[in-house]
Amino acid sequence: MDSPKPDQVVVSAHAVSKKFHTQGGELQLFENLNLEVRRGESLAIIGPSGAGKSTLLSMLAGLDQPSTGMIRLAGSNLAELDETARARLRARSVSFVFQSFHLLPELSALDNVRLPLEIRGEADSEQQAQHWLSQVGLASRAEHLPGQLSGGEQQRVAIARAFATRPDILFADEPTGNLDSETGASIVDQLFGLNAQQQTTLILITHDSQLASRCSRRLQLRQGQLLETTA
Amino acid sequence: MSQAVLRLARQQAFSSLRSPEWRALLAALLVAITLISLLTQLGDRLEQSLNRRTAELLGADLVLRAEEPAVLATQGAIRSSRVAQFPTMIEAGDEMMLVSVRAVTDPYPLRGAIVTEPAQHPDIPEPGTAWAEPRIFEMLQLEPGDTVQLGYSKFRLSHRLMSSPDRGSGFRSFSPGLIMRSDALEATGVIAPGSRVEYRQLFAGPAGAVATLEEQLRENLGPDERLYSLSADQPMTGRALRNAELYLRLSALFALLLGALTITLSLRRYNAAQHSRAALLLSLGLENRQLLLLYGYQLLFGWIICALLGTALGFGLQQLLVQLIGDLLPQPVPQAGIAAMSSGALIGLLLLTTLGLPAFYRLSQVSVVALFRETSLPSNIRSRLIQLLGFGLLAGLMSVYIESLTLALLLLGALTLSGLVVGWLAQALLQRLAEGFRHRMRLGSLLLLRIRQQRKWHRLQAATMTLLLTMLATLIIARGDMLQQWRTQFPPDTPNYFLINIQPWEKEPLDQLFASNDLSPALYPMIRGRISSLNDTPLAEVTLSTEQRRHNALRRELNLTWTEQMPDNNSLLSGSWWQGTPSEPLISVEQDLAAAMGVDIGDRVSFQIGSQLIQAEVSNIRAVQWESFTPNFYVIFSPGALDNLPATYITALRLDGEQRTLARTLLQQFPTLTLIDIDQLLNQAQALIEKLVDSSSMILALTLLAGLLLLVVTLMQELERRRYESALLQTLGATPGQSRQLDLLELLWLGLICGGLAAVASEAILWLISARVLQIPLTLHPLSWLLLPPLSALLFTGIGALIRKPLDQARCYSLLKAN
Chain A
0 MDSPKPDQVV
10 VSAHAVSKKF
20 HTQGGELQLF
30 ENLNLEVRRG
40 ESLAIIGPSG
50 AGKSTLLSML
60 AGLDQPSTGM
70 IRLAGSNLAE
80 LDETARARLR
90 ARSVSFVFQS
100 FHLLPELSAL
110 DNVRLPLEIR
120 GEADSEQQAQ
130 HWLSQVGLAS
140 RAEHLPGQLS
150 GGEQQRVAIA
160 RAFATRPDIL
170 FADEPTGNLD
180 SETGASIVDQ
190 LFGLNAQQQT
200 TLILITHDSQ
210 LASRCSRRLQ
220 LRQGQLLETT
230 A
Chain B
0 MSQAVLRLAR
10 QQAFSSLRSP
20 EWRALLAALL
30 VAITLISLLT
40 QLGDRLEQSL
50 NRRTAELLGA
60 DLVLRAEEPA
70 VLATQGAIRS
80 SRVAQFPTMI
90 EAGDEMMLVS
100 VRAVTDPYPL
110 RGAIVTEPAQ
120 HPDIPEPGTA
130 WAEPRIFEML
140 QLEPGDTVQL
150 GYSKFRLSHR
160 LMSSPDRGSG
170 FRSFSPGLIM
180 RSDALEATGV
190 IAPGSRVEYR
200 QLFAGPAGAV
210 ATLEEQLREN
220 LGPDERLYSL
230 SADQPMTGRA
240 LRNAELYLRL
250 SALFALLLGA
260 LTITLSLRRY
270 NAAQHSRAAL
280 LLSLGLENRQ
290 LLLLYGYQLL
300 FGWIICALLG
310 TALGFGLQQL
320 LVQLIGDLLP
330 QPVPQAGIAA
340 MSSGALIGLL
350 LLTTLGLPAF
360 YRLSQVSVVA
370 LFRETSLPSN
380 IRSRLIQLLG
390 FGLLAGLMSV
400 YIESLTLALL
410 LLGALTLSGL
420 VVGWLAQALL
430 QRLAEGFRHR
440 MRLGSLLLLR
450 IRQQRKWHRL
460 QAATMTLLLT
470 MLATLIIARG
480 DMLQQWRTQF
490 PPDTPNYFLI
500 NIQPWEKEPL
510 DQLFASNDLS
520 PALYPMIRGR
530 ISSLNDTPLA
540 EVTLSTEQRR
550 HNALRRELNL
560 TWTEQMPDNN
570 SLLSGSWWQG
580 TPSEPLISVE
590 QDLAAAMGVD
600 IGDRVSFQIG
610 SQLIQAEVSN
620 IRAVQWESFT
630 PNFYVIFSPG
640 ALDNLPATYI
650 TALRLDGEQR
660 TLARTLLQQF
670 PTLTLIDIDQ
680 LLNQAQALIE
690 KLVDSSSMIL
700 ALTLLAGLLL
710 LVVTLMQELE
720 RRRYESALLQ
730 TLGATPGQSR
740 QLDLLELLWL
750 GLICGGLAAV
760 ASEAILWLIS
770 ARVLQIPLTL
780 HPLSWLLLPP
790 LSALLFTGIG
800 ALIRKPLDQA
810 RCYSLLKAN
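Those protein sequences? They're chains A and B, same order as listed. Residue 0 is where the first sequence starts when you use numbering that gives the first Met the number 0, and the numbers rise one by one after that. Residue 0 is where the second sequence starts when you use numbering that gives the first Met the number 0, and the numbers rise one by one after that.
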């Protein structure tokens, strides 16, 4: 396989390993792990529980650091950035959709969507948040608190929040894990629809092979190795 | 099985040390036990020392004073002794001197000790001898072994009397003293009808017997009799120490309240954290009853650790404080009793039982279902009842501790009310501030939201810290500033010396001496007399309220004077001042006394002066400026009315710089008069107050520690929620700095507001003290305005930084996943 041009690669991992120190000794989660994701690509990472999918995701997003190896995110070598610079990079280029939505319960749907815009210091955060709430069909529920919304609605607010900053890369960690299959399907449609519309790079972690099959690439994480699979 | 529960409880008590909730609970208990133990031990030592000092001053546990000799037979364990005290002149060669003689029976005194030179002395002077104070030896130029003439008898002065209790009261105690045997009194012939003799009978014995005797004596007290006892009569320093003791109790109560609050909050958190553990233990086969036992044992283990440590710490700290205030107290200071030593631990146990058991009872009612889904703890009537019982016990405990239910309730009410007002005000200000910044900073709306969310905690934190800082600031400022200001407010010519016991024949040469030194103080004659009837009705039969009867002037002999002109510092309120010498005796009455007696212009008042009865008509009512440091009188007669009665004179004068040497000249030329140095008295009073304030500040600083602990526990209350918020914000791209800024600003603002409120409140209290108590003009204290807000902000942010450690970015995602 030819190497993609550097400007096309938005996330890459080279010879990445991750070790943990535990009471029982050292635990090696990954060793010599390599990965390249190109702009606009949608990638599914699948694997059994405990394989380290979430650790891999938090390293790729600059939340955690590898023990050895190099990770590049949106053109920057993460090892060369300090915590503040990594946070700024995240604010500028990265968004998340979580399994348990993670909306702040005391903020209205609108304020939850505004949150990352406020972190970036954007002036018209309210109008932008309104726009994204209408994109996910929740314009009329803007003032509702998360507790007043259904699970599916909460995840749609989380999707609006994720797209509001127009990220280069969107990490989605089991986005339908807490939803019934019907709601899950409509959420997935919305996620992929917005992804295509915004030309965002999507990195998706899931157990669900059907969901994984909607991505352009699939990687299996097993025993510390990433293997390309076909649908 | 119960052995197994005990073992599990012990294990849990120690393994729980890793849990911040259990640590906070133990810390709160430790601080409460330490503080209460410290304050109770200190209070106990103060009280013992105070009783000992008063007993030493009285020379007995109980003293009955009368103007006639009365011998009460004593029974049982009560010891008794009699004293006759009178002023008289003694002679040695050509020299004469006025002395205050005490003729005493053996044993004397009953409490305290007489110190003489040489130190060895019999219980009372041997026949033919007397003991005299050094001033008598100096004035009469005598040495021990020399003889003085007293009436018809001669006495050899065998010992210098260096100090002795029972010196008598009032001006009598200012004359140099001489002690002789009672059985030698008659032969001297100095006591004749009408002589100014005060008879005292001293009693001492076990506390119970003394109390019974006191009650009997008080019931049968004649009009000319007075009873002095440890419980009711204390010298000035005694009153100050008594107030200090009350202050200690109130501080302990405050510490108790803070402790109770902190323990309640930490228990709540600990309980919540134990919810699923308790359910797990149930699923493993433990019964609900055993669960209660398990947590009961665990509390007991925690208590044992805190009780031992807290009692030891309390003991150490009170030793330190006694060192600080030691020279205020008679040495050696008695050690605290066992009850006081163990009080902290016992009150701690009561606190833990009353607060802990209801909480753990609820926990023990948890169901295994809690393992599968989130359930809230059951709250049935029974657990409510236990909780109510707990609060009742706590209220009872406080009133027992304060020894007064009313005071405990008043204090509780005052604290709650001021806490509510201050807390509400601080929170409102904080919210207003956050609203102002909402659009001016990133995450401004999140900060505002958090401030709204945390409002009940902010109110509690602000109330506690503001009240503590206010008290601390008030004490410190009052100590440094106000006392000094009170002293300097007097005009520069305010007298600083009192001269009393001036004999009539000394008046003229004294006036000449003053004139040659450019001084012209007014000399007032002084005669002692007692009000005997109002408008021909004996005072005892006049209907007066208890409040009126309590007026000092109606209970004792008054110093009476006469003068042609109204003295300076007096102002006429009603009636008119007399001209020259009126044909009938007229009097001028001070307004408070007039009100107490219910007399007005034209009423007739009779006075018993020695063996004479003199009636006078009220001519006017006067206001007196009591704090003027000049001779002030309740009753002033018109000239002529008291002319034929024996009087001594009194005056006050100002001596500055070189003039101060005149004080020595006065004493040399007029050995029988008594000079009182007011500056010295004020210095002593100020030193006393400063020491008391210092120790109070130390105690308050320790109470502040209890307040800080409460702050710690309240900041821990929603720690998980904050960590979760931080994790989410950082995952969404907030820098660790931004996330810290949110925490910091919230606490910084709250700290600044509390400091500012404390500055305002302490100024208000100081203003009240200035205006009402010291009557000095208001001054502001800009230093406290400058220092209190940053100091308070430092406390809040410092503790905040300690509790809310920055969240490691690598943990953010796993924290979110775990949620």
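C-beta atoms are modelled at their ideal positions from N, C-alpha and C, and glycine is treated no differently. Please read these numbers as outputs of a predicted model, since none were measured by experiment.
Item to check | Sheet register partners of A/K18 (DSSP bridge) | outcome: The count along the first sequence starts at 1 and reaches residue 18 of chain A at position 19. Paired residues: A/Q27.
Next on the checklist: Taking 6 Å as the cut-off, is the C-beta of B/L409 nearer than that to any heavy atom in the ligand SAH?
Outcome noted: Questions concerning the ligand SAH fall outside what the structure shown contains, since it holds no ligand whatsoever.
Checklist entry - Hey, which unbroken runs of the alpha helix (DSSP H) at 4 residues or more fall wholly within the segment 695-746 of chain B? => result Runs of the alpha helix (DSSP H) inside the segment 695-746 of chain B: 718-730.
Checklist entry - So, is B/P234 buried or exposed, given that buried needs 16 or more other C-beta atoms within 10 angstroms? => result The residue you call residue 234 of chain B lines up with position 235 of the second sequence. The predicted position of B/P234 is uncertain, since its pLDDT is 46 and thus under 50; a value taken from the coordinates is nonetheless stated next. It counts as exposed.
Next on the checklist: I need the DSSP call for B/H274, collapsed to helix, strand or coil.
Outcome noted: Position 275 of the second sequence, counted from the first residue, corresponds to residue 274 of chain B. In this structure, DSSP gives B/H274 a helical state, which the three-state scheme calls helix.
Checklist entry - chain A partners of B/K816, CB-CB under 7 Å? => result Locating residue 816 of chain B in the second sequence gives position 817, where the first residue counts as 1. The answer, in chain order, is S53.
Next on the checklist: Taking the beta carbon of B/E724 as the centre, do at least 16 other beta carbons fall within 10 Å, making it buried, or is it exposed?
Outcome noted: In the second sequence, counting from the first residue as 1, residue 724 of chain B sits at position 725. That one is buried.
Next on the checklist: Quick check for students: name the residue ranges of the beta strand (DSSP E) that lie wholly in the segment 536-580 of chain B, counting only runs of 3 or more.
Outcome noted: Counting whole runs of 3 or more residues, the segment 536-580 of chain B contains the beta strand (DSSP E) stretches 557-561, 569-574.
Checklist entry - Are the C-beta of B/T734 and some C-beta of chain A separated by less than 7 Å? => result For the purposes of this step, residue 734 of chain B is taken as the residue at position 735 of the second sequence. Yes, because at least one Cβ of chain A sits closer than 7 Å to the Cβ of B/T734.
Next on the checklist: So A/I237 contacts chain B; which residues on that side make the cut at Cβ distance below 9 Å?
Outcome noted: A query on residue 237 of chain A cannot be resolved here, the shown segment of chain A reaching from 0 to 230 and no further.
Next on the checklist: By alpha-carbon positions, which one of B/D145, B/L393, B/N568 ends up nearest to B/S627?
Outcome noted: Taking the first residue of the second sequence as position 1, residue 627 of chain B is located at position 628. Of B/D145, B/L393, B/N568, the residue nearest in Cα terms is B/N568.
Checklist entry - Taking all protein chains shown into account, do 16 or more other C-beta atoms lie within 10 angstroms of the C-beta of B/F170, making it buried, or fewer, making it exposed? => result For the purposes of this step, residue 170 of chain B is identified with residue 171 of the second sequence, where counting begins at 1. Any reading at B/F170 must be qualified, since the residue scores a pLDDT of 47, below 50, and its modelled position is unreliable; the value itself is stated next. Buried: at least 16 other Cβ atoms inside 10 Å.
Checklist entry - For B/L279, which residues from the same chain have a beta carbon less than 6 Å from its beta carbon, with the 5 sequence-adjacent residues on both sides left out? => result Numbered from 1 along the second sequence, position 280 holds the residue referred to as residue 279 of chain B. Same-chain partners within the cutoff: there are none.
Checklist entry - Whose CA, out of A/S16, A/Q134, A/L169, lies closest to the CA of A/E152? => result The residue given as residue 152 of chain A occupies position 153 in the first sequence. Here the closest residue by C-alpha is A/Q134.
Checklist entry - Quick one: is B/W766 buried, meaning 16 or more other Cβ sit within 10 Å of its Cβ, or exposed? => result Reading the second sequence from its first residue, position 767 is the one you call residue 766 of chain B. That one is exposed.
Item to check | A/S212 versus A/T229: straight-line alpha-carbon distance, rounded | outcome: Taking the first residue of the first sequence as position 1, residue 212 of chain A is located at position 213. Taking the first residue of the first sequence as position 1, residue 229 of chain A is located at position 230. The alpha-carbon atoms of A/S212 and A/T229 are separated by roughly 8 Å.
Next on the checklist: Considering only the alpha carbon of each residue, which of B/R248, B/R810, B/L348 lies closest to B/L24?
Outcome noted: The residue given as residue 24 of chain B occupies position 25 in the second sequence. Closest option to B/L24, Cα to Cα, is B/L348.
Checklist entry - Rounded C-beta distance between A/F29 and A/F95? I'm assuming under 8 Å. => result The count along the first sequence starts at 1 and reaches residue 29 of chain A at position 30. The count along the first sequence starts at 1 and reaches residue 95 of chain A at position 96. In fact, because the Cβ distance is near 21 Å, the residues do not count as touching under 8 Å.
Checklist entry - Which of helix, strand or coil does DSSP assign to B/D182? => result Your numbering for residue 182 of chain B matches position 183 in the second sequence. For B/D182, the three-state secondary structure derived from DSSP is helix.
Next on the checklist: Helix, strand or coil, according to DSSP, for B/M88 in the structure here?
Outcome noted: In the second sequence, residue 88 of chain B corresponds to position 89, counting from 1. Note: B/M88 maps to strand in three-state DSSP.
Next on the checklist: For A/T200, list the residues DSSP reports as bridge partners.
Outcome noted: Locating residue 200 of chain A in the first sequence gives position 201, where the first residue counts as 1. When DSSP reads this structure, A/T200 sits in a beta bridge with A/I168.
Next on the checklist: Just checking: is the beta-carbon of A/L289 within a distance shorter than 7 Å of some beta-carbon in chain B?
Outcome noted: Since the first and last residues shown for chain A are 0 and 230, residue 289 of chain A lies out of range.
Checklist entry - Quick one: what does DSSP say B/S18 is sitting in, helix, strand or coil? => result For the purposes of this step, residue 18 of chain B is identified with residue 19 of the second sequence, where counting begins at 1. DSSP places B/S18 outside both helix and strand once states are collapsed to three, so it counts as coil.
Checklist entry - Across which residues does DSSP place A/H13 in a beta bridge pair? => result Indexing the first sequence from 1 puts residue 13 of chain A at position 14. DSSP output for A/H13 lists A/M69 as bridge partner(s).
Next on the checklist: Could you tell me the alpha carbon to alpha carbon distance between B/Q729 and B/G295, rounded to whole angstroms?
Outcome noted: Against the second sequence, residue 729 of chain B aligns to sequence position 730. Against the second sequence, residue 295 of chain B aligns to sequence position 296. Going by the C-alpha atoms only, they are around 41 Å apart.
Next on the checklist: Counting C-beta neighbours from all protein chains within 10 Å, is the total for A/V187 16 or more, i.e. buried, or is it exposed?
Outcome noted: Residue 187 of chain A sits at position 188 when you count from the first residue of the first sequence. Buried: at least 16 other Cβ atoms inside 10 Å.
Checklist entry - Is any beta-carbon of chain A found at less than 7 Å from that of B/C305? => result Translated into positions along the second sequence, residue 305 of chain B becomes position 306. It does not: the Cβ of B/C305 has no partner Cβ on chain A nearer than 7 Å.
Checklist entry - Using a C-beta cutoff of 7 Å, does A/L62 count as contacting chain B? => result Indexing the first sequence from 1 puts residue 62 of chain A at position 63. Yes, because at least one Cβ of chain B sits closer than 7 Å to the Cβ of A/L62.
Item to check | Span separating the alpha-carbon of B/Q668 from that of B/I476 | outcome: On the second sequence, position 669 is the one that residue 668 of chain B refers to. On the second sequence, position 477 is the one that residue 476 of chain B refers to. Separation of B/Q668 and B/I476 (C-alpha to C-alpha, rounded to the nearest whole angstrom) is 45 Å.
Next on the checklist: Can you list, in chain order, the residues of its chain with a C-beta nearer than 7 Å to that of B/S519? Leave out the 5 residues immediately preceding and following it.
Outcome noted: Stepping through the second sequence from its first residue, residue 519 of chain B is reached at position 520. Closer than 7 Å at the Cβ level, and outside the excluded window around B/S519, lie F513.
Checklist entry - Buried or exposed: where does B/L404 fall if 16 or more other Cβ atoms within 10 Å of its Cβ makes it buried? => result Here residue 404 of chain B refers to the residue found at position 405 when the second sequence is read from its first residue. Exposed, since its Cβ has fewer than 16 Cβ neighbours within 10 Å.
Next on the checklist: Just to confirm the assignment: which complete beta strand (DSSP E) runs, minimum length 3, are found wholly within the segment 263-313 of chain B?
Outcome noted: DSSP runs (the beta strand (DSSP E)) wholly in the segment 263-313 of chain B: none.
Item to check | Backbone CA spacing between B/P126 and B/I35 [nearest angstrom] | outcome: Start at 1 with the first residue of the second sequence, and residue 126 of chain B comes out as number 127. Start at 1 with the first residue of the second sequence, and residue 35 of chain B comes out as number 36. If you take the alpha carbons of B/P126 and B/I35, they lie about 55 Å apart.
Next on the checklist: For B/I798 and B/L707, which I take to be in contact (beta-carbon distance under 8 Å), what is that distance rounded to the nearest angstrom?
Outcome noted: Here residue 798 of chain B is taken as the residue at index 799 of the second sequence, counted from 1. Here residue 707 of chain B is taken as the residue at index 708 of the second sequence, counted from 1. Indeed they touch by this definition, with Cβ atoms about 6 Å apart.
Checklist entry - Applying a beta-carbon distance threshold of less than 8 Å, which residues of chain B neighbour A/G120? => result Here residue 120 of chain A is taken as the residue at index 121 of the first sequence, counted from 1. In chain order: R441.
Item to check | Per DSSP, the bridge partner or partners of A/T205 | outcome: As a working mapping, residue 205 of chain A is identified with position 206 in the first sequence. A/I45.
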